[in-house]
Amino acid sequence: MRGALYSLWLGGFTLLAGAGCQITSTTHAPAEGTTHQRGKAVVPPGDVLEVYYPVPFVSPPNLTTQSTFDDCSVLEQKPDHFRIKNPNPFSREVTWEARGVPITAVSTPTVQIGVGTPPPAPTARKEERTEFANGAK
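The numbering of the sequence shown is the working numbering, which starts it at 5 and goes up by one.
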């Protein structure tokens, strides 16, 4: 009985020690400016895990997740990471894929000062005078 309890304890410890993330690949399609990133994460039982993308996106990417029973749910999604919850009493390995525009592919707009033709200078107004019938001005 003592050996069985030790084995159960050791097995549970192994599951918790394996919790974390593993990135399997990142591909970049320069013609389209999009990135396809995928990886695996082990979500501990009854816990929430934050998974960070290797290369952040400009906005939250198109994210798909898959696990054995598809019972883990994405709670929050940001351009640099997402949060996933495992409501089960056992850990789950989740495979994820994200597609979007990486933050490194965005170029900042160039501001050019003093380029082009300047606007025309204001013209001097001619002073108008009113003449009266008696010759006074």
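Here a beta-carbon is modelled for each residue, glycine too, at the ideal position from N, C-alpha and C. Just so we're clear, the structure is a prediction, and the values are computed from it rather than from any experiment.
{"Item": "What would DSSP say about residue 108, mapped onto helix, strand or coil?", "Value": "helix"}
{"Item": "Report the option in 98, 38 and 105 whose CA atom is closest to the CA atom of residue 71.", "Value": "98"}
{"Item": "What's the C-alpha gap between residue 4 and residue 52?", "Value": "The displayed coordinates of the chain run from 5 to 141. Any statement about residue 4 would go beyond what the structure contains."}
{"Item": "Looking only at C-alpha atoms, which of 57, 75, 44 and 61 sits nearest to residue 37?", "Value": "61"}
{"Item": "Considering just the uninterrupted stretch of the beta strand (DSSP E) at residue 94, what are its terminal residues?", "Value": "First-last for residue 94: undefined, no H or E at that position."}
{"Item": "By DSSP's criteria, residue 102 is part of a beta bridge. Which residues make up the other side?", "Value": "41 and 67"}
{"Item": "Between residue 2 and the rest of its own chain, which residues show a CB-CB distance below 7 angstroms, the 5 nearest in sequence each way excluded?", "Value": "Outside the modelled stretch of the chain, which goes from 5 to 141, sits residue 2, for which no answer is possible."}
{"Item": "Which whole-angstrom value is the C-beta distance of residue 91 and residue 75, which I expect to be below 8 angstroms?", "Value": "7 angstroms"}
{"Item": "Quick check: the Cα distance between residue 19 and residue 41, rounded to an integer number of angstroms?", "Value": "Since pLDDT at residue 19 reaches only 39, below the 50 mark, its modelled position is unreliable, and the value read off the structure follows with that caveat. For residue 19 and residue 41, the distance between alpha carbons rounds to 25 angstroms."}
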